[in-house]
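Chains as they are written, first to last, in the numbering used here: chain W, 321 to 681; chain V, 321 to 681. For every residue, glycine included, the Cβ atom is placed at its ideal position computed from N, Cα and C. Fair warning: this is a prediction, and the values are worked out from it, not measured in the lab. What follows is a short report on a single structure.
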């Protein structure tokens with residue numbers, strides 16, 4: 321491997337992630353070469369400024385191919401560029417390292433990556449140089465990876481402005497099975513129940529259903545690859561869900577049959593309490609411990625610019641807003657803006673907006 | 321029953337919903353009497369302007385008691401006020417009607433209600449006169465309810481500015497089992513899996529996990545009553561989930577064991593596709609068909625007033641914003657504001673914000 325800091329990258333696969341990596345590295349002064357099985361996709365990424373279509377020798381190759389071909393492409397790149405470190409960006413990691421090992425690839429020069437970005441958008445045209453800014457970029461060495469190889473991938477992730485977190489493949493895959501793949505399956509299972517519902521029943525849906533099912537709109541083909549690539553981890557987490565669900569259904573069945581049902585309510589309350597405690601672990605702002613904010617709810621008429629005027633009024637208040645959700649109600653031309661702020665400033669925000677003529681809930 | 325439009329209500333139970341009903345009816349010019357087992361709660365509601373602590377004969381009694389005592393309180397009120405119609409606001413309806421019937425209450429004067437409001441807040445101090453504005457208020461007659469009784473409850477719901485939807489108890493309970501109780505259980509089951517996770521694993525969580533688990537923070541005692549009150553309906557929906565989940569776990573297990581697993585990927589893709597189609601039924605703005613919006617993502621530095629300045633800049637663009645989510649990333653002092661607008665105006669918003677110095681993703 322060549323000496324000095326890595327400054328030459330090759331991107332193999334110019335979809336959303338690959339093109340964004342190219343744009344980010346170019347912005348950081350790196351030299352970037354591009355490659356894609358589709359000549360049109362490669363030309364598009366070049367025209368967007370993500371790099372050049374040349375064959376200059378790279379320090380690091382970034383394989384941004386679909387999860388089910390990542391190991392094969394990584395192995396080929398390890399063979400083609402014997403002085404380069406190779407990483408990939410698939411959202412499952414054990415299966416890629418296993419595949420490289422099975423193909424006899426040089427594991428000392430392979431280090432996995434998982435930039436936690438790019439959900440729900442696709443294609444080079446959606447690429448942005450700051451896609452990774454402020455998001456975790458998990459770096460996943462194999463036991464055989466050299467220190468030098470890890471350093472090069474860490475340097476690349478930082479140049480792309482990701483926040484580097486280093487984990488083993490097993491720890492990474494177990495973590496994403498719970499924090500990423502589980503919510504996808506649960507959102508999908510929930511949304512799948514809506515198929516047979518009458519339209520006016522679904523019309524009663526509130527923000528709860530909308531939140532729980534939002535990611536059920538994700539791409540089935542991509543998610544089939546992700547779930548298949550982390551099959552054991554996801555299976556194990558879902559078996560825990562099956563156990564909790566079986567106990568829940570049994571308790572509900574006892575209550576539905578009008579039996580004595582001693583203890584059935586305690587089962588439900590215990591599960592709901594477990595949910596409270598699990599939810600409390602979900603990171604809030606900046607990945608730190610969740611903070612309790614106060615919600616100020618404002619009625620927004622449905623007319624052009626109304627929300628803009630509300631935002632302008634909030635801007636005048638000079639208060640740090642922590643979160644904002646819009647809730648649209650069934651059959652009525654108003655929206656409710658739920659603004660989260662620190663409790664200490666909630667009254668000031670209410671007073672300010674109220675005196676500016678806004679209706680506060 | 322007295323002639324003429326209903327203008328006199330009695331509220332029994334002065335928590336969030338009861339007090340809000342009182343405030344809304346007072347704002348509409350109704351005379352409101354208040355009652356609560358807790359003298360302090362009743363006095364607080366009176367001081368907030370929700371009504372008076374008198375015993376004037378009502379046209380409609382609104383029972384806003386916890387679900388597990390609603391039938392008992394409704395029956396008592398039917399006996400106490402023989403000229404009045406009685407409604408309740410519990411979020412399960414069959415069990416209340418059954419309880420009134422079992423107690424020998426006069427079902428011709430009972431009509432159930434379910435105002436779809438009030439989630440995640442509680443107590444009279446959180447009450448607002450416009451809590452029901454633009455939200456569905458389901459009116460649930462029994463087969464024995466008189467037309468006059470139904471009319472009075474519809475008039476009350478409209479006076480409180482709810483959007484009236486009329487359903488049978490069975491249809492109501494089946495609908496909320498799927499659109500309200502199912503998402504609660506699924507959010508709870510998802511969050512419950514986080515208990516045993518290492519902190520840095522949960523730290524990788526993104527917006528998907530946050531959305532799916534948000535309502536897992538709901539009150540366990542209240543939700544135990546709700547789930548117990550709709551036990552058969554929720555059980556039946558969850559049995560459907562159990563079936564889908566069993567097939568999913570089996571497919572993952574085949575893939576994890578490295579068996580031939582013929583068809584396992586098709587099972588996963590089929591479920592994900594079902595989820596896509598179910599999600600597409602979830603109403604968007606105003607309960608109408610969901611519209612596809614384009615998302616403009618803006619980088620927001622974490623400093624006081626930054627979001628306010630962004631809102632002010634958006635206000636100047638005079639574009640109708642359809643939705644806004646803030647995403648906070650792990651370990652980095654910026655937030656991403658994801659602004660949904662109609663596709664036709666997305667470029668204009670990008671140009672406007674870009675020229676005002678905002679970094680657009």
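Can you grab the Cα-Cα spacing for the pair residue i / residue j, in whole Å?
i: residue 369(W); j: residue 345(W); result: 11 Å
i: residue 465(W); j: residue 629(V); result: 46 Å
i: residue 527(V); j: residue 601(V); result: 22 Å
i: residue 574(W); j: residue 584(W); result: 7 Å
i: residue 487(W); j: residue 660(V); result: 35 Å
i: residue 650(V); j: residue 422(V); result: Bear in mind that the predicted position of residue 650(V) carries a pLDDT of just 43, short of 50, making it unreliable; the figure below should be weighed with that in mind. Roughly 55 Å separates the two Cα atoms.
i: residue 482(W); j: residue 434(W); result: 10 Å
i: residue 311(V); j: residue 480(V); result: In the structure as shown, chain V begins at 321 and stops at 681. Residue 311(V) is therefore absent and cannot be evaluated.
i: residue 336(W); j: residue 566(V); result: 34 Å
i: residue 342(V); j: residue 373(V); result: 12 Å
i: residue 643(W); j: residue 645(V); result: 7 Å
i: residue 490(W); j: residue 592(W); result: 30 Å
i: residue 406(W); j: residue 430(W); result: 5 Å
i: residue 605(V); j: residue 454(V); result: Note that residue 605(V) scores 42 on pLDDT, short of 50, meaning its location in the model is unreliable and no value can be drawn from it.
i: residue 494(V); j: residue 333(W); result: 48 Å
i: residue 445(W); j: residue 339(W); result: 9 Å
i: residue 521(V); j: residue 498(W); result: 8 Å
i: residue 380(V); j: residue 657(V); result: 46 Å
i: residue 475(V); j: residue 457(V); result: 11 Å
i: residue 510(V); j: residue 532(V); result: 8 Å
List the DSSP bridge partners of residue i.
i: residue 351(W); result: 328(W)
i: residue 372(W); result: 353(W)
i: residue 680(W); result: 618(W)
i: residue 644(V); result: 659(V)
Please decide whether residue i counts as near chain W, where near means a Cβ-Cβ distance under 9 Å.
i: residue 564(V); result: yes
i: residue 425(V); result: no
i: residue 463(V); result: no
i: residue 405(V); result: no
i: residue 667(V); result: no
i: residue 364(V); result: no
i: residue 331(V); result: no
i: residue 487(V); result: yes
i: residue 679(V); result: yes
i: residue 334(V); result: no
i: residue 417(V); result: no
i: residue 649(V); result: Low confidence applies here, because residue 649(V) scores a pLDDT of 45, under 50, leaving its location unreliable and the question unanswered by this model.
i: residue 555(V); result: yes
i: residue 372(V); result: no
i: residue 508(V); result: yes
i: residue 523(V); result: yes
Determine, using beta carbons only, whether residue i comes closer than 9 Å to chain V.
i: residue 360(W); result: no
i: residue 408(W); result: no
i: residue 385(W); result: no
i: residue 431(W); result: no
i: residue 327(W); result: no
i: residue 392(W); result: no
i: residue 534(W); result: yes
i: residue 582(W); result: no
i: residue 479(W); result: no
i: residue 460(W); result: no
i: residue 346(W); result: no
At which residues does the alpha helix (DSSP H) containing residue i begin and terminate?
i: residue 562(V); result: 551 to 576
i: residue 593(V); result: 584 to 599
i: residue 531(W); result: 527 to 533
i: residue 502(W); result: 502 to 512
i: residue 491(W); result: 489 to 496
i: residue 521(V); result: 519 to 522
Span of the beta strand (DSSP E) holding residue i?
i: residue 483(W); result: 483 to 486
Please give me, in chain order, every unbroken run of the beta strand (DSSP E) with length at least 3 that falls completely inside the region 439 to 466 of chain W. 456 to 461, all fully within the region 439 to 466 of chain W.
Restricting to runs no shorter than 4 residues, where is the alpha helix (DSSP H) found entirely within the region 366 to 434 of chain W? Counting whole runs of 4 or more residues, the region 366 to 434 of chain W contains the alpha helix (DSSP H) stretches 390 to 400, 414 to 422.
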